[in-house]
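Trainee: Note that the sequence shown covers residues 3 to 623 in this note's numbering.
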Amino acid sequence: MSDHIKHECGIALIRLLKPLEYYQKKYGTKSYGINKMYLMMEKQHNRGQDGAGLATVKINAKPGEKYIFRERSSAKQPIQEIFSRISERIQASESNQNNTPFQGELLLGHVRYGTFGKNNIESVHPFLRQNNWTHRNLIVAGNFNMTNNDELFENLVKLGQHPKSKVDSVTVMEKIGHFLDDAVHKIYRDLKKEGHNKQEASPLIEKRLKISKILKKASKDWDGGYAIAGLLGHGDAFVLRDPSAIRPAYFFKNDEVAVVASERPVIQTVFNTKYEDIQELEAGHSIIIKKSGKVSTIPILEQRERKACSFERIYFSRGSDKEIYLERKKLGELLFPKIAEAINGDLVNTVFSYIPNTAETSFYGMVHEAQKYISKQSIKKVLDSKENLSNEMLKKLFLLKPRIEKVAIKDAKLRTFIADDVNRDELVAHVYDVTYGSIKETDTLVIIDDSIVRGTTLQKSILKILDRLNPMKVIIVSSAPQIRYPDCYGIDMAKMEDFIAFRAAIRLLKNEGKESIIKKTYQDCLKELKLPSSKMKNKVSQIYSDYSDEQISDQISKILKEGDIKSEVQVIFQPVENLHIACPKNLGDWYFTGNYPTPGGNKVVNQAFVNYYEGTGKRAY
């Protein structure tokens with residue numbers, strides 16, 4: 003993605019199912035869990051670089067011994083930072099082998115991209131809710147955004163609580179914490195009736211706690227996409243996934259470990275296990291790991307239509323996943339017919355390249371189809387002129403291959419320390435460099451990106467630098483459809499005006515004297531926002547209803563060409579139907595279609611348009 007957007011987070015949970023001495027004997031260290039967690043977090047660093055945190059729980063610690071350890075960092079290299087500190091603390095305590103910091107059976111790691119709030123240590127997961135009773139200590143980390151956080155906050159206030167913050171990380175933790183406290187109180191009351199004293203009650207409470215019941219009560223009113231992980235101080239653990247399966251979660255278990263992560267290849271690589279041995283956590287289900295080591299998956303919330311995020315497949319997730327690799331390749335393949343049409347079938351004077359990022363795999367798919375196209379054309383020519391074939395002609399036909407060049411090269415990130423817009427734009431224009439001499443003036447350059455969100459980097463950097471090669475035409479290909487609507491489930495795309503597709507539609511309406519549609523949409527959105535979330539509809543879709551995808555794409559092409567771009571510019575987007583063909587398991591397409599999987603999504607999109615129309619510059623949630 004040439005436009006930088008903040009997105010997603012990554013979780014990693016490890017439960018060691020054997021005593022620490024087992025790992026010492028077999029692997030030579032009691033830090034086996036810590037070492038594996040380091041790898042899991044590093045292998046998911048693509049999901050978050052604003053912060054990282056790790057919490058561990060020692061099971062069956064004696065009174066007076068510390069049993070919860072936590073390190074967090076919002077430094078430039080947060081993963082390295084926290085594990086460097088952890089290593090120092092372990093080395094410093096080698097004399098006390100019985101209670102070495104972080105050498106526990108339960109570990110919860112998190113990497114963060116900040117979608118809301120400042121990038122400071124207070125915003126970094128895991129969050130900790132402390133108590134002097136082990137079973138009332140709660141540690142929470144997750145990959146989520148709640149659309150109804152104001153409502154969740156008010157519900158806590160109605161319970162008599164005084165939440166220290168309005169961020170959804172706090173409201174979620176406190177909601178779980180409230181029902182945890184409630185469950186503990188009820189179990190203790192029963193135990194007291196059975197004749198147990200307070201000291202006897204604690205281990206019995208641990209055994210009788212039903213995490214599934216706590217999660218059912220706590221998550222009842224949540225509206226959002228989430229994979230939320232939690233540890234309890236006595237040794238229970240859980241991960242809960244939202245009922246539409248918006249956010250990902252995978253798990254693996256053998257006789258040594260139980261593991262949960264946001265990405266499947268992370269588990270495959272770190273634990274050297276087979277693809278088939280890793281399961282996807284079902285929508286609305288929780289994997290619950292008891293102190294005893296018993297692992298179970300339990301339905302918590304009624305499943306909705308599966309709307310797993312398609313952006314997970316297009317961009318966010320690691321492309322080393324077997325399914326994701328093939329899906330991204332398919333996205334490139336499906337685009338080629340449109341490309342062939344745009345270049346009039348002229349493969350001789352066409353150069354294929356990609357913007358150096360996750361579009362590389364789609365690029366391979368695109369080129370593969372180009373090669374098939376050439377082969378078909380060559381066979382046809384041979385058959386059509388078999389009586390007049392010369393060696394020279396055959397040589398030409400069979401040596402013809404797609405022209406591939408490494409055209410765009412991303413330099414090391416340049417610091418935008420310049421304050422004024424003019425000079426900052428000049429700096430941005432040099433984020434990418436080009437390979438001079440790779441393009442002729444008669445060439446069409448086809449360059450693929452995984453998605454086009456704002457179009458800012460394309461317009462201010464990539465196209466300007468590509469134009470220096472003097473191609474006859476530049477075709478920008480997006481493996482994703484047009485992004486038209488904001489996200490509210492974990493990706494920082496909250497403002498309508500940020501989307502180049504939206505700006506193109508607005509421009510078309512204004513150019514054709516249809517400003518009344520813009521005003522009507524604003525008024526309709528205001529009316530919808532007075533309704534309960536469950537009854538709201540997406541009224542922003544009417545902004546696009548008068549225009550075909552091609553008309554909006556043509557307008558985007560005009561926007562991108564503005565300035566001193568000499569080459570002809572064309573933009574081709576993936577059709578939504580092709581997205582679903584390529585990514586059949588991840589049908590969450592609200593960015594492109596406005597079909598939100600939860601009621602809160604419609605509330606967010608209507609509010610986003612109101613904010614745009616009123617020029618407030620606010621986030622929609």
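Where a beta carbon is used, it is the ideal one built from N, C-alpha and C, also for glycine.
Tell me whether residue 11 sits in a helix, a strand or coil according to DSSP, three-state version.
Mentor: Three-state DSSP puts residue 11 in a strand.
Trainee: Alpha carbon to alpha carbon, how far is residue 474 from residue 342?
Mentor: Going by the C-alpha atoms only, they are around 16 Å apart.
Trainee: Using C-beta distances below 6 Å, list every residue in its chain close to residue 362, excluding the 5 sequence neighbours before and after it, in chain order.
Mentor: Closer than 6 Å at Cβ, skipping near neighbours: 356.
Trainee: Residue 495 and residue 448 - do their beta-carbons sit closer together than 8 Å?
Mentor: The answer is no: Cβ separation not under 8 Å.
Trainee: With a threshold of 16 other CB atoms inside 10 Å of the CB of residue 260, please say whether the residue is buried or exposed.
Mentor: The residue is buried, with at least 16 neighbouring Cβ atoms inside 10 Å.
Trainee: Straight-line CA distance for residue 386 to residue 340?
Mentor: Answer to the nearest angstrom: the Cα atoms are 25 Å apart.
Trainee: To the nearest angstrom, report how far apart residue 149 and residue 589 are at their CA atoms.
Mentor: Approximately 20 Å between the Cα atoms of the pair.
Trainee: Give the straight-line distance between the Cα atoms of residue 157 and residue 223, rounded to the nearest whole angstrom.
Mentor: Residue 157 and residue 223: Cα-Cα distance of roughly 10 Å.
Trainee: Going straight from the alpha carbon of residue 76 to that of residue 492, what length do you get?
Mentor: One C-alpha to the other measures close to 19 Å.
Trainee: Compare the C-alpha of residue 484 against each of 593, 527, 478 and name the closest.
Mentor: It is 593 whose Cα lies nearest to the Cα of residue 484.
Trainee: Give me the Cβ distance between residue 402 and residue 376, rounded to the nearest whole Å; I'm assuming they're in contact under 8 Å.
Mentor: The pair is a contact, with the Cβ atoms about 5 Å apart (cut-off 8 Å).
Trainee: Whose C-beta lies closer than 7 Å to the C-beta of residue 620 among residues of the same chain, with five residues either side of it excluded?
Mentor: Counting only Cβ-Cβ distances below 7 Å, and skipping sequence neighbours, we find 613.
Trainee: Please determine, among 400, 306, 295, 452, the residue with the shortest C-alpha to C-alpha distance to residue 321.
Mentor: Residue 321 has its Cα closest to that of 452, out of 400, 306, 295, 452.
Trainee: Excluding five sequence neighbours on each side, which residues of the same chain lie with their C-beta closer than 8 Å to the C-beta of residue 409?
Mentor: Closer than 8 Å at Cβ, skipping near neighbours: 353, 355, 436, 437, 440, 441, 447, 449, 468, 471.
Trainee: Report yes if the C-beta distance between residue 262 and residue 15 is below 8 Å; otherwise report no.
Mentor: Their beta carbons are under 8 Å apart, which means residue 262 touches residue 15 by this criterion.
Trainee: What first and last residue would you give for the alpha helix (DSSP H) that runs through residue 271?
Mentor: Start and end: 266-273.
Trainee: Excluding the five sequence neighbours on either side, which residues of its own chain have a C-beta within less than 7 Å of the C-beta of residue 506, listed in chain order?
Mentor: Excluding sequence neighbours, residue 506 sits near 554, 557, 558, 561.
Trainee: Looking at residue 272 and residue 32, is the spacing between their C-beta atoms short of 8 Å?
Mentor: The answer is no: Cβ separation not under 8 Å.
Trainee: Determine the extent of the alpha helix (DSSP H) in which residue 173 is found, giving its start and end residues.
Mentor: Residues 170-195.
Trainee: Cα-Cα, which of 137, 227, 104 is closest to residue 598?
Mentor: Of 137, 227, 104, the residue nearest in Cα terms is 227.
Trainee: Which value, in whole angstroms, describes the spacing of the CA atoms of residue 611 and residue 575?
Mentor: If I take the Cα positions, the gap works out to 23 Å.
Trainee: Three-state secondary structure (DSSP) at residue 367?
Mentor: Correct three-state label for residue 367: helix.
Trainee: Do you know offhand how far residue 418's Cα is from residue 359's?
Mentor: At residue 418 the pLDDT is 43, less than 50, meaning the model places this residue with poor confidence and gives no usable figure here.
Trainee: Spatial neighbours of residue 197 within its chain, please: C-beta separation below 7 Å, excluding the five flanking residues on both sides.
Mentor: There are no such residues.
Trainee: Examine the Cβ distances between the stretch 285-297 and the stretch 238-245 and report whether three or more of them are shorter than 8 Å.
Mentor: Yes, the stretch 285-297 touches the stretch 238-245.
Trainee: Less than 8 Å between the beta carbons of residue 596 and residue 490, yes or no?
Mentor: In this structure, residue 490 does not lie closer than 8 Å to residue 596 by Cβ.
Trainee: Using three-state DSSP, classify residue 284 as helix, strand or coil.
Mentor: Note: residue 284 maps to coil in three-state DSSP.
Trainee: If you reduce the DSSP assignment to three classes, tell me which class residue 419 lands in.
Mentor: Because residue 419 carries a pLDDT of 41, less than 50, the predicted location of this residue cannot be relied on, and the following value inherits that uncertainty. Three-state DSSP puts residue 419 in coil, outside helix and strand.
Trainee: Counting C-beta neighbours from all protein chains within 10 Å, is the total for residue 159 16 or more, i.e. buried, or is it exposed?
Mentor: Exposed.
Trainee: When the Cβ atoms of the stretch 164-174 are set against those of the stretch 196-215, are three or more pairs found closer than 8 Å?
Mentor: The stretch 164-174, when compared against the stretch 196-215, does not touch it at the 8 Å Cβ threshold.
Trainee: Sorted by chain position, which residues of the same chain lie with C-beta nearer than 8 Å to residue 480's C-beta, five sequence neighbours on each side aside?
Mentor: Taken in chain order, the residues that qualify are 450, 451, 452, 453, 454, 573, 574, 575, 576.
Trainee: Spatial neighbours of residue 424 within its chain, please: CB distance less than 6 Å, with the 5 preceding and 5 following residues excluded, ordered by chain position.
Mentor: Because the pLDDT of residue 424 is 48, which lies under 50, any placement of that residue in the model is unreliable, and the question is left without a value.
Trainee: How about residue 61 and residue 292: do their beta carbons lie closer than 8 Å?
Mentor: No. Outside cutoff.
Trainee: Pick from 607, 326, 129, 29: whose alpha carbon is nearest that of residue 497?
Mentor: Here the closest residue by C-alpha is 607.
Trainee: Please return the same chain residues whose Cβ sits closer than 6 Å to the Cβ of residue 107, not counting the five positions on each side in sequence.
Mentor: Contacts found: 18, 61.
Trainee: As a quick exercise: from 249, 248, 218, 297, pick the residue whose alpha carbon is nearest that of residue 256.
Mentor: Ranking the options by Cα distance to residue 256, first place goes to 297.
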